[in-house]
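Protein chains in written order, with our numbering: chain A, 191 to 518; chain B, 1326 to 1485.
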C-alpha cells in the first residue's frame, strides 16, 4: 500500500549500507524534507523500507588543509553557521540561506541537498501519466504542457526537469568532492561528475549505485583574497525556488582576474558549471563588456519551451549582475 | 538497530513539553499527527501538511522544524516543544503576550506556528531588523495578512 513502509533505525554506517544495498525497495531517510513529501503526501515514491540514518556519526564540519569537510548529516543551518565561510566561501552561506526556510534548513542535510528531487510539478503529480523521470518511457508532460520552473541547459527531448538546489551551485563552482560508502568500499566523486544528464534515461540522476551512501562532502575553499557572491532571482523575495541564479568567485590581482569561477542555478537539469564563462574572464580586467561576453559563453544551445524562453536572457543578466557585484 | 514492520506499531519514548511519553506510533506517522491525534495537543496546526506553510512548526531539541515532514519515529529520545509548552505557571511566554498586545493575528490558525517560529528566531539572534525578521519568518504564511503586526510583536520582544 502506498505510504506505508517498514521503519529501520540504523546504528552504524556499514549496517545501513548493507541493508539498503541488499534491498532494491529500501531507501535511506535523513532530513526527509523532500522524501516524506514525495512518499506520504504526493504518492510519487513508494519504498517498502526506510532506513533512518539520522543517528549515524556523519554530522559535523572540519578543516582538512585548505578544504572544508562537511559530514553528510550536517544540516543546512549548521553549515551556514560555519565561520570560515565568511572569508573563504561566502557564496556557500549566501546560497544556503537563500534556500527554503529556517525550519526546513534545520531538518535538511547537506547529503540530502545534493540528492533532492526535482520540483517539476508533473514529476510530483502521479495523476499526470507522462513523466520519463517517474515512469521511464511514458513521455514528458512538461515539454508539451505549461512549463516555467524548468531547465534550459542539459535538457533533452525526454526531460526538462530542473535541479533546484541553491547550495550545489557554489559547491560545483568550488570543485567539491562527494565521499561515498558502498558495499565495495569507499570512493570519492567530483561533484562535476556526480550528476547524469537526463538524455533518454532521466530516471537515472547520479552515478551512485543503489545503496551507496554519501558520508561527506569535501570542498576546497577559495584562495585568500578571493571574493564570492550568490544571486538568486525568483518570483518572491523569500522562500521560493530560483528562476535563475549565479554563483561567482573572483580573485583579482593587479586589476586582472587571475581566477574565476562561475556556476548557474535555476537553469540546468544538473547544477551547472559554466567553465566557458570562466575561460573568457581569466586574464582580463573586470568590466561590463567582458562580463557580458562571459554570460554569452555560459548559455549555449539552450533547450527552451515557450514558458522557459525568458530564462536565456535572464540567466545572462544574472551572471553579469553577480560578476559586477563581486568585482566591485 | 530497530526495525518495525509497516503493519505494526513502533514503541517510541520521547519528551513533549518536558514530560516523558511512551507512545506507540505507526512507522509512517508524522510527528504532527502523533502530537494531535495521540497526545491531544491540537495547538500545533495542520495547514498544508506538505511543508509549505509553517503552521505545524514545533521545536525539536530547541530547533524549529516542520512536524508534518518529520516522522514521529525519528523523535526517539528527542525533546519536542509545542505551543502548549511555552506558558509556565499560567504566565504566557513573552512572544505570546506580544502577539496579543499587537493583535498579531486575525483568524489565528497560523498563530501557533508563527509563535513557535518567532521563539526560535529570537534564540537564533535573527531579530536585528524588520527586514531580518521578515526574511527569517518567511516559512510561516499568514493568509489573513497579519505580517506587519507579527513583525512589530517580534521586534518588541527583541527589545528594538
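Note that beta-carbon positions come from the ideal geometry of N, C-alpha and C, so glycine has one too.
Given that residue i touches chain B, what residues does it touch there, using C-beta distances under 8 Å?
{"i": "residue 230 (chain A)", "result": "1353, 1355"}
So residue i contacts chain A; which residues on that side make the cut at Cβ distance below 7 Å?
{"i": "residue 1382 (chain B)", "result": "293"}
{"i": "residue 1420 (chain B)", "result": "Within chain A, no residue comes near residue 1420 (chain B); the closest Cβ sits about 15 Å away, beyond 7 Å."}
Nearest by alpha-carbon distance to residue i: which of the options is it?
{"i": "residue 417 (chain A)", "options": "A:435, A:387, A:346, A:284", "result": "A:284"}
{"i": "residue 1435 (chain B)", "options": "B:1361, B:1363, B:1382, B:1423", "result": "B:1382"}
{"i": "residue 468 (chain A)", "options": "A:486, A:456, A:457", "result": "A:486"}
{"i": "residue 1366 (chain B)", "options": "B:1462, B:1412, B:1413, B:1341", "result": "B:1341"}
{"i": "residue 423 (chain A)", "options": "A:455, A:481, A:273", "result": "A:455"}
{"i": "residue 232 (chain A)", "options": "B:1389, B:1370, B:1374, B:1364", "result": "B:1374"}
{"i": "residue 340 (chain A)", "options": "A:459, A:238, A:512, A:357", "result": "A:459"}
{"i": "residue 293 (chain A)", "options": "A:325, A:222, A:472, A:442", "result": "A:222"}
{"i": "residue 1350 (chain B)", "options": "B:1399, B:1477, B:1482, B:1484", "result": "B:1399"}
{"i": "residue 473 (chain A)", "options": "A:448, A:369, A:391, A:268", "result": "A:448"}
{"i": "residue 391 (chain A)", "options": "A:346, A:439, A:480, A:483", "result": "A:346"}
How big is the Cα-Cα spacing for residue i and residue j?
{"i": "residue 1338 (chain B)", "j": "residue 1361 (chain B)", "result": "17 Å"}
{"i": "residue 434 (chain A)", "j": "residue 1333 (chain B)", "result": "46 Å"}
{"i": "residue 247 (chain A)", "j": "residue 426 (chain A)", "result": "37 Å"}
{"i": "residue 1368 (chain B)", "j": "residue 352 (chain A)", "result": "37 Å"}
{"i": "residue 265 (chain A)", "j": "residue 331 (chain A)", "result": "34 Å"}
{"i": "residue 225 (chain A)", "j": "residue 437 (chain A)", "result": "27 Å"}
{"i": "residue 398 (chain A)", "j": "residue 384 (chain A)", "result": "8 Å"}
{"i": "residue 318 (chain A)", "j": "residue 334 (chain A)", "result": "12 Å"}
{"i": "residue 374 (chain A)", "j": "residue 205 (chain A)", "result": "13 Å"}
{"i": "residue 201 (chain A)", "j": "residue 1402 (chain B)", "result": "15 Å"}
{"i": "residue 376 (chain A)", "j": "residue 1423 (chain B)", "result": "53 Å"}
{"i": "residue 1461 (chain B)", "j": "residue 289 (chain A)", "result": "11 Å"}
{"i": "residue 191 (chain A)", "j": "residue 275 (chain A)", "result": "Note that residue 191 (chain A) scores a pLDDT of 44, beneath 50, so its modelled location is shaky and nothing firm can be said."}
{"i": "residue 271 (chain A)", "j": "residue 241 (chain A)", "result": "28 Å"}
{"i": "residue 1420 (chain B)", "j": "residue 497 (chain A)", "result": "44 Å"}
According to the neighbour-count rule (16 or more other Cβ atoms, all chains shown, within 10 Å of its Cβ), is residue i buried or exposed?
{"i": "residue 256 (chain A)", "result": "exposed"}
{"i": "residue 1386 (chain B)", "result": "exposed"}
{"i": "residue 253 (chain A)", "result": "exposed"}
{"i": "residue 261 (chain A)", "result": "buried"}
{"i": "residue 401 (chain A)", "result": "buried"}
{"i": "residue 419 (chain A)", "result": "buried"}
{"i": "residue 470 (chain A)", "result": "buried"}
{"i": "residue 446 (chain A)", "result": "exposed"}
{"i": "residue 490 (chain A)", "result": "exposed"}
{"i": "residue 1326 (chain B)", "result": "exposed"}
So residue i contacts chain B; which residues on that side make the cut at Cβ distance below 9 Å?
{"i": "residue 489 (chain A)", "result": "By Cβ distance, chain B contributes nothing, its closest Cβ being about 30 Å from residue 489 (chain A), past 9 Å."}
{"i": "residue 193 (chain A)", "result": "1353"}
In chain B, which residues lie with their C-beta within 7 Å of the C-beta of residue i?
{"i": "residue 428 (chain A)", "result": "1460, 1463"}
{"i": "residue 390 (chain A)", "result": "Within 7 Å Cβ-Cβ: nothing; residue 390 (chain A) doesn't reach chain B, min ~31 Å."}
Please list the partners that residue i has in chain A, where partner means a Cβ-to-Cβ separation under 9 Å.
{"i": "residue 1487 (chain B)", "result": "There is no way to answer for residue 1487 (chain B), as the model of chain B reaches only from 1326 to 1485."}
{"i": "residue 1330 (chain B)", "result": "196, 197"}
Which residues, in chain order, does the stretch 296-316 of chain A contribute to contact with chain B at a C-beta distance below 8 Å?
296, 297
What residues from the stretch 1389-1417 of chain B come within 9 Å of chain A, judged by C-beta to C-beta, listed N to C?
1389, 1390, 1391, 1393, 1394, 1395, 1396, 1398, 1399, 1401
Any C-beta of chain B within less than 7 Å: which residues of the stretch 196-229 of chain A qualify?
So the close ones are 196, 197, 198, 199, 200, 201, 205, 222, 223, 226, 227.
Using a Cβ-Cβ cut-off of less than 7 Å, list which residues of the stretch 230-255 of chain A approach chain B; keep chain order.
230, 231, 242, 244
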